[in-house]
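30 is the number that our numbering gives to position 27 of the sequence shown; each next residue is one higher, with no gaps. All residues carry an ideal CB built from backbone N, CA and C; glycine is no exception. Take a look at the structure below.
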Amino acid sequence: MNETATPAKKLRITQTRSQIGYHHKQKRILAGLGLGRIGRAVVRIDHPSIRGMVNKIPHLVKVEEVEG
Numbered sequence: 004m005n006e007t008a009t010p011a012k013k014l015r016i017t018q019t020r021s022q023i024g025y026h027h028k029q030k031r032i033l034a035g036l037g038l039g040r041i042g043r044a045v046v047r048i049d050h051p052s053i054r055g056m057v058n059k060i061p062h063l064v065k066v067e068e069v070e071g
């Protein structure tokens, strides 16, 4: 691996609302992120595919950038 590579930014994604009553595609996105309960948080590498998933469900999650 390259020693001079910059560390990847990370995102802390926290589920803030219930998935009940939403389309099954949105429920599958939550499951794909590793969420499923209100208050659960996961840390994921900031990648375009993760950003795309989060952009589909902004009403259900809160996103924060995390260093290191």
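Cα-Cα separation, residue i to residue j
i   : j   : result
Y25 : K12 : 30 Å
G41 : I60 : This sequence places Ile at residue 41; Gly is not what is there. So the alpha carbons of these two residues sit roughly 14 Å apart.
E67 : S52 : 16 Å
Inter-residue CB distance, residue i and residue j (contact presumed, cutoff 8 Å)
i   : j   : result
L63 : L33 : 7 Å
Q29 : Q22 : 7 Å
R1  : I16 : Missing from the structure shown is residue 1; the chain here goes from 4 to 71 and no further.
Residue i vs residue j beta-carbon contact at 8 Å
i   : j   : result
G39 : V45 : no
Closest residue to residue i among the options (Cα-Cα distance)
i   : options       : result
R43 : N58, K65, G71 : K65
Segment limits, alpha helix (DSSP H) that includes residue i
i   : result
R54 : 51 to 59
I23 : Segment: none, I23 is in no alpha helix (DSSP H) and carries neither H nor E.
Residue range of the beta strand (DSSP E) that includes residue i
i   : result
K65 : 64 to 69
A44 : 44 to 48
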